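Visitor:
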Amino acid sequence: MVGITNYLRVANLACRKAFAVLAAIFLLLPTAFSHAAQDEHPPGITSSTNVILFIGDGMDEHQITMARNYLYGADGAFAMEQMPVRSSVRVHTLREDNPNQLRYVADSANTASTLATGLLTSKGRIATSAARDADQKTILEAAQKKGYRTGLVSTASLTDATPAAFAAHTSHRNCQSTKSMSAINHAVGKTQQCVPDLKAHGGPGSIAEQLATANIDVLLGGGMAFFNQPVEGSAQDLPSILDMALNHGHLMVKNEAELNAEKLQVAPATSKLLGLFAPIHLPVEWQGEQLRLAELMTTNKHSKAIFPTPFGCEKNPHHQGIPTLANMTGRALQVLSHNNNQGFFLMVEGASIDKQAHIRNPCGQIGELRAFDQAVTLGRQFAQQYPNTLIIVTADHGQAGQIVPLPETYQAASKAMRMAQYPTGHYAVLKTLSGELMAVNYSTNSSPQGLWEMHTGTNVPAYMEGPGLDEIPALIDQRDINQLMRHHLKLD
Ligand SMILES: [Zn+2]
């Protein structure tokens with residue numbers, strides 16, 4: 433079995449040299465934390481023990497490089513790339529039909545489950561074991577038990593795989609809400625249907641219901657359409673899952689203005705914050721000029737390749753009124769840290785880096801990666817005031833976007849070979865912010881009818897900052913990340 437890992441070693445090392453990197457962090461970082469946290473709630477209890485896990489969905493090195501080149505040029509760096517510790521992370525996925533074997537391409541459900549539980553599972557599963565469907569305890573649940581506050585923030589629906597895996601247990605990610613629980617899922621076998629998870633069958637209910645009753649202090653993201661569905665078995669569609677959340681002490685906000693309202697007084701001991709800012713996923717921040725995406729390569733009647741013209745990125749007007757990921761992260765940090773002796777566990781997901789790569793939208797994914805890094809910046813600033821904060825920035829799995837040669841390179845090769853040379857799949861030429869050209873391509877599914885790019889099986893990065901990170905191996909796996917976080921919070 434692949435690497436049942438160095439995690440014990442990592443944990444032991446973490447123990448020994450707990451605060452050694454802090455001096456370096458103070459020297460490296462600017463001084464201001466967000467106005468929200470600094471002005472309204474000057475730090476009172478800065479010795480609390482905190483973990484912030486940032487997950488860039490689909491954010492492998494290639495997606496990072498593409499966004500970095502576009503935004504900052506070849507010599508630029510994201511805030512996350514300036515963190516002091518860096519490792520490469522292996523991604524493991526069990527087969528549902530034979531959990532003794534692995535697949536080499538993952539999905540967000542099984543990888544988020546591994547980050548959340550420290551255990552491997554199969555594609556589609558939400559914190560349950562491959563084939564056996566046993567619940568796997570998450571770090572969020574263990575943290576709650578020890579008195580830590582908890583939070584989940586995402587640009588996706590809160591019921592989507594990544595946030596779900598930290599606080600729900602279902603056989604498949606599709607078990608999001610009441611309506612999907614009884615539907616037959618033809619994409620998976622009978623061991624991953626949702627029906628056994630129905631409360632009527634002794635299961636835990638839909639993901640939305642589980643989140644609504646999980647006593648999570650901060651839930652910010654999309655998914656109103658799922659929370660607006662009736663609670664399983666409720667007569668005449670009432671109460672809804674949202675009613676259920678409100679009855680469990682959640683205070684509800686639904687747009688940027690409400691999230692940022694000065695009058696929003698959340699006392700975490702008595703009420704919890706639930707923000708639902710879109711029916712499903714939040715609109716992305718950027719789009720291509722004239723809504724352009726990468727285009728399927730074709731040839732003309734002389735068999736010459738037709739290359740698309742270059743384009744740049746612009747703001748998506750549909751993001752107006754929607755909080756940014758940094759905005760949600762800032763509010764979450766404020767609520768979680770206010771008068772909190774113990775500390776917290778917070779997971780922040782940049783979900784649409786992945787979703788935009790799936791639809792071959794380079795500007796969409798670059799804008800989301802930029803927004804994700806801005807949230808990371810806020811986390812790093814928070815850690816300046818709360819130095820016992822462990823920050824880990826990682827991805828769940830690889831994506832399809834890659835940087836490939838410009839048209840001129842293919843054209844020169846065409847001349848030399850006397851036949852058309854061009855990339856397979858979908859291709860775009862971007863005008864970067866510094867005026868250079870960068871060509872990108874998506875080619876995991878080149879069928880003209882193929883609407884959707886597939887994930888890829890590369891390692892993903894982990895950038896880390898905080899106590900206990902000396903001597904992290906150059907190669908770890910996703911279970912090690914879970915162990916590092918558990919160790920920092922002193923959980924079982
Ligand atoms: Zn995906």
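If you read the sequence shown in the working numbering, its first letter stands for residue 433, the second for the next number, and so on. Cβ atoms here follow ideal geometry from the backbone N, Cα and C, with glycine treated the same way. These numbers come from a predicted model, not from an experiment.
For S879, which residues from the same chain have a beta carbon less than 7 Å from its beta carbon, with the 5 sequence-adjacent residues on both sides left out?
Guide: Hits under 7 Å: none found.
Visitor: When you compare the CB positions of E664 and A632, do they come within less than 8 Å of one another, or not?
Guide: Cβ distance < 8 Å, so E664 and A632 count as in contact.
Visitor: Just the C-alpha distance for Q568 and H887, rounded to the nearest angstrom, thanks.
Guide: For Q568 and H887, the distance between alpha carbons rounds to 25 Å.
Visitor: C745 lies in the beta strand (DSSP E); which residues open and close that run?
Guide: It spans C745 to K747 - the beta strand (DSSP E) in which C745 sits, taken as one unbroken run.
Visitor: Select from S784, T610, T570 and P837 the residue whose C-alpha is nearest the C-alpha of I648.
Guide: Nearest option by C-alpha distance: T570.
Visitor: When the Cα atoms are used, what is the spatial distance from D786 to V825?
Guide: Going by the C-alpha atoms only, they are around 15 Å apart.
Visitor: G655 by DSSP, collapsed to three states: which one?
Guide: Looking at G655 - three-state DSSP - the assignment turns out to be coil, as it is neither helix nor strand.
Visitor: Is G782 a contact residue of ligand 1, with contact defined as CB to any heavy atom under 7 Å?
Guide: The answer is no for G782.
Visitor: Report buried or exposed for L714, applying the criterion of at least 16 other Cβ atoms within 10 angstroms of its Cβ.
Guide: Result: buried.
Visitor: Nearest CA to the CA of V585: which residue from I913, L651, L670 and A871?
Guide: Answer by Cα proximity: L651.
Visitor: Under 6 Å from any heavy atom of ligand 1, by CB: list those residues in chain order, please.
Guide: Output, sorted by chain position: G490, S540, D786, H790 and H887.
Visitor: Since T890 and D492 are thought to touch, with beta carbons under 8 Å apart, how far apart are those beta carbons, to the nearest angstrom?
Guide: Contact flag correct, Cβ pair sits at about 5 Å.
Visitor: Could you check how far apart the C-beta atoms of I558 and A597 are, in whole angstroms? I think they sit under 8 Å.
Guide: Rounded, the Cβ-Cβ distance is 5 Å, consistent with contact.
Visitor: Suppose you measure from the CA of A562 to the CA of Q797; what does that come to, to the nearest Å?
Guide: Taking the straight line joining both Cα atoms gives about 31 Å.
Visitor: Pull up the CB-CB distance for T594 and A783, whole angstroms please, since I reckon it's below 8 Å.
Guide: T594 to A783, Cβ: 6 Å. Contact.
Visitor: Restricting to runs no shorter than 3 residues, where is the beta strand (DSSP E) found entirely within the region 506-569?
Guide: Taking only runs of at least 3 residues, the beta strand (DSSP E) segments lying wholly in the region 506-569 are 517-522.
Visitor: A894 bridges to which residues according to DSSP?
Guide: Partner(s): S519 and T826.
Visitor: Any contact of the region 829-847 with the region 537-551, i.e. 3+ C-beta pairs under 8 Å?
Guide: Counting Cβ pairs under 8 Å, three or more are found: they touch.
Visitor: Which two residues bound the contiguous beta strand (DSSP E) that contains T933?
Guide: The structure shown does not extend to residue 933, since the chain is modelled only from 433 to 924, so the question has no answer here.
Visitor: Under three-state DSSP, which class holds D471?
Guide: Model confidence at D471 stands at a pLDDT of 43, short of 50, so the residue's coordinates are unreliable; what they give is reported in the following sentence. If DSSP states are grouped into helix, strand and coil, D471 belongs with the helices.
Visitor: Which same chain residues end up closer than 7 Å to G579 when comparing Cβ atoms and leaving out the 5 residues on each side of it in sequence?
Guide: Within the same chain, G579 has close Cβ partners Q774.
Visitor: In terms of alpha-carbon separation, which member of D909, I835 and R911 lies closest to A499?
Guide: A499 has its Cα closest to that of I835, out of D909, I835 and R911.
Visitor: Between Y854, V861 and V780, which has its C-alpha nearest G583's C-alpha?
Guide: Minimum Cα distance to G583 is reached at V780.
Visitor: Got a sec? Which residues, its chain only, sit under 6 Å from G681 by beta carbon, not counting five neighbours each side?
Guide: So the qualifying residues of the chain are S703 and K704.
Visitor: Please classify E717: is it buried, with 16 or more other beta-carbons within 10 angstroms of its beta-carbon, or exposed?
Guide: Classification of E717: buried, given that the 10 Å Cβ count is 16 or more.
Visitor: Any idea if Y818 is buried or exposed, counting beta-carbon neighbours within 10 angstroms, 16 or more meaning buried?
Guide: Flag for Y818 reads buried.
Visitor: Quick one: what's got a C-beta closer than 6 Å to V517's C-beta in the same chain, skipping five residues either side?
Guide: Around V517: M896, L901 and I904.
Visitor: In the DSSP assignment, what residue or residues form a beta bridge with K686?
Guide: Bridge partners of K686: none, in fact.
Visitor: What is the residue span of the beta strand (DSSP E) that Q719 lies within?
Guide: First-last of the beta strand (DSSP E) with Q719: W718 to G720.
Visitor: Where does L503 sit, in a helix, a strand or coil, going by DSSP?
Guide: L503: helix per DSSP, three-state reduction.
Visitor: Which partner residues of F979 appear in the DSSP bridge assignment?
Guide: The question about residue 979 has no answer, for the chain in this structure spans 433 to 924.
Visitor: Check for me: the alpha helix (DSSP H) holding I639 runs from which residue to which?
Guide: First-last of the alpha helix (DSSP H) with I639: I639 to A644.
Visitor: If I measure Cβ to Cβ from L725 and keep anything under 8 Å in the same chain, skipping five residues before and after, which residues do I get?
Guide: Excluding positions up to five away in sequence, the list reads I791, R792, N793, P794, H858 and A860.
Visitor: Looking at the structure shown, is Q752 part of a helix, part of a strand, or coil, going by DSSP?
Guide: Three-state DSSP puts Q752 in coil, outside helix and strand.
Visitor: Nearest to P855 by CA position, among E528, L838 and D507, is which residue?
Guide: The residue with the shortest Cα to Cα distance from P855 is L838.
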